[in-house]
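> Numbering (numbering that gives the first Met the number 0), first residue to last: 0 to 360. Structure below; questions to follow.
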Amino acid sequence: MPPWHADPSHGQFLNDRSLSAKDRDTIVKWATGGAPEGDRTALPKLPEYADGWQIGQPDTIWSMLEDYPVPANGTIEYKNFEVPTNLTEDKWAQAIEVRPGNRSVVHHVIVYIVDPKPAARGPQPFAFAPGMRRPAEAPKTERGAEPNDRPMKTQPTGWLSGFAPGQSVRVYQPGTALRVPAGATLIIQEHYTASGKDTTDRTRVGIKWAKEAPKTAVDVATLQNANFILPAGSSDTRVDAEMTLNQDTTIWSILPHTHMRGKKWEVTAVYPDGRSEVILNVPKYDFNWQTDYVFKQPLNLPKGTKIRTAAWYDNSTANKANPDPKKDVYWGDQTWEEMQFTALTFSTDNTPVKSASGQKQ
0 MPPWHADPSH GQFLNDRSLS AKDRDTIVKW ATGGAPEGDR TALPKLPEYA DGWQIGQPDT
60 IWSMLEDYPV PANGTIEYKN FEVPTNLTED KWAQAIEVRP GNRSVVHHVI VYIVDPKPAA
120 RGPQPFAFAP GMRRPAEAPK TERGAEPNDR PMKTQPTGWL SGFAPGQSVR VYQPGTALRV
180 PAGATLIIQE HYTASGKDTT DRTRVGIKWA KEAPKTAVDV ATLQNANFIL PAGSSDTRVD
240 AEMTLNQDTT IWSILPHTHM RGKKWEVTAV YPDGRSEVIL NVPKYDFNWQ TDYVFKQPLN
300 LPKGTKIRTA AWYDNSTANK ANPDPKKDVY WGDQTWEEMQ FTALTFSTDN TPVKSASGQK
360 Q
C-alpha cells in the first residue's frame, strides 16, 4: 500500500491514500493470523490499464524522438529533449501522465512548454522574497566529465507536468485544465542517474484532452530557495522560502521536493491581517514517495497573502539514506546534492481562458 505523508490535521486532499485505523487493524489481524485466503468469489475485478497508462488510453502521446543511451557510470547532467507537439490549435489538458522508458535510471522528469507566441508579460502573480538565489561563492554543482550533449537551447514559457518516484499522473478537476498552445514545443528534461550498466531510455507523455475550454485555466509556479548550506553532521537544518501573492489566487495543489537529506516540510499561509495557517504539513518526508498534494477544497487566498515553505534536512550519520554525512551540502541538480523546491498549481481571476479558435471566453 503506498504510504501517505500529509498530516490530516492540516487540510484534506483528493488524492489521500491513507488507511483508517480500522483498516490497519484489519490488515494486522489478518497478517498475524497467518494471512488466510478469503472467499474467492468475493474478489473484486482487477483494474484494467490501457497499455499500462494509469489515465486510460491517452488522446495524444508524445515521445522522445529516439532512445537515449544512458552510461553505466559517472555524473550525468540534465538532458533536454525538444519534441514538437504539431498542435494546430490551443488544447486543454485534463489528464497528464509521464512514463519513463526505463525507470531504473530516471531520477525525475520535468516537461516544459515553449509557446511560439507567448502572451505579453503582464503583472506577475507572485513577488518572491530576496536572497534565495544560490550564492556566487558556493562551490560549483557537480558536472559530468563530458560536455552536455543535450543542454536547454530554448527557454520554456510554462510547465506541463513531471515524473518523480511516487508521482507520475495529474488529473485536473472538472471545469479546470492546463492550456497547451498551438505550435508549442515540449522540452522533456531528464535527470538520469547511472545504474552500473549501459542502458537506454525513451520517455513518453500521454494527454487526455478536455472536451471544451474550461471555466478555470490553471498554471504551475515554482518557489525555491537555493541559498543554503547543510553542514556536515547536522541533523536538523531548516531552510525557508517565501513569496507574496500580487492578486487573489486559488491554490489547487502543492508538491514539495527535496533529495536524500530532506526529512520534513511545512507550508504556511500568512494572511494580510497577520493571521497564519499551516496549509500543508509533511512530518516524515520520503524521497521515494514524492506527492503532489491536491486540495479537496482549493484554497482561495487574498492578494497580499505570503506563502512560506520550510524544509528540514538531516545531514548526519543517523540518516541511513545520506550519501555522505561528512560533506557540507549545497543546492545542486544531482541526487547527492540538495534542493528546497515547491511546485504550486494555481489559478487567478486574471488568467484568460481561450477557446480553440483563440477567442477569450
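Note that CB positions come from ideal geometry on N, CA and C, so glycine has one too.
(1) By Cβ distance, which residues of its chain are closer than 7 Å to Lys-283, with the 5 residues on each side in sequence left out?
(2) Applying the criterion that 16 or more other CB atoms from any shown protein chain within 10 Å of the CB defines a buried residue, is Pro-83 buried or exposed?
(3) Just how far apart, CA to CA, sit Thr-221 and Ile-186?
(4) Relative to the C-alpha of Trp-52, which candidate in Ala-310, Phe-227, Gly-205, Val-238 has its C-alpha closest?
(5) Here's the rule: buried if 16 or more other CB atoms are within 10 angstroms of the residue's CB, otherwise exposed. What is Arg-23?
(6) When you compare each of Asn-226, Val-27, Glu-189 to Val-110 by their alpha carbons, which one comes out closest?
(7) Tell me whether Gly-143, by its Cβ, gets closer than 7 Å to a heavy atom of the ligand HEM.
(8) Three-state secondary structure (DSSP) at Trp-330?
(9) What did DSSP end up calling Arg-260 once you bin it into helix, strand or coil?
(10) With 16 other CB atoms within 10 Å as the buried threshold, where does Ala-20 fall?
(11) Would you call Val-179 buried or exposed, if buried means 16 or more other Cβ atoms sit within 10 Å of its Cβ?
(12) Just to confirm my understanding: we take Gly-261, look at its own chain, exclude 5 residues before and 5 after, and list those with CB closer than 7 Å. What are they?
(13) Buried or exposed: where does Tyr-171 fall if 16 or more other Cβ atoms within 10 Å of its Cβ makes it buried?
(14) Report yes or no: do the stretch 76 to 92 and the stretch 137 to 154 share at least 3 C-beta pairs separated by less than 8 Å?
(15) Put Asp-197 into one of helix, strand or coil per three-state DSSP.
(16) Quick one: what does DSSP say Asp-26 is sitting in, helix, strand or coil?
(17) Excluding sequence positions up to five away, which residues of its chain have a Cβ less than 6 Å from the Cβ of Trp-335?
To lay it out plainly:
(1) Counting only Cβ-Cβ distances below 7 Å, and skipping sequence neighbours, we find His-4, Lys-263.
(2) Exposed, by the Cβ-count rule.
(3) Rounded to the nearest angstrom, the two C-alpha atoms are 17 Å apart.
(4) Scanning Ala-310, Phe-227, Gly-205, Val-238 for the CA closest to the CA of Trp-52 turns up Gly-205.
(5) Residue environment: Arg-23 is assigned as exposed (fewer than 16 neighbouring CB atoms within 10 Å of its CB, all protein chains considered).
(6) Minimum Cα distance to Val-110 is reached at Glu-189.
(7) The ligand HEM is not part of this structure, which contains no ligands at all.
(8) Trp-330: strand per DSSP, three-state reduction.
(9) Of the three classes helix, strand and coil, the one that applies to Arg-260 here is coil, per DSSP.
(10) Within a 10 Å sphere around the beta-carbon of Ala-20 sit fewer than 16 other beta-carbons, which makes this residue exposed.
(11) For Val-179, the number of other beta carbons within 10 angstroms of its own is at least 16, and it is reported as buried.
(12) Counting only Cβ-Cβ distances below 7 Å, and skipping sequence neighbours, we find Tyr-284, Phe-286, Ala-310, Tyr-312.
(13) Classification of Tyr-171: buried, given that the 10 Å Cβ count is 16 or more.
(14) Per the Cβ contact rule, the stretch 76 to 92 is in contact with the stretch 137 to 154 (3 or more Cβ pairs under 8 Å).
(15) In this structure, DSSP gives Asp-197 a state outside helix and strand, which the three-state scheme calls coil.
(16) The sequence shown places Ile at residue 26, rather than the Asp named in the question. DSSP places Ile-26 within a helical segment (H, G or I) once states are collapsed to three.
(17) Closer than 6 Å at Cβ, skipping near neighbours: Pro-322.
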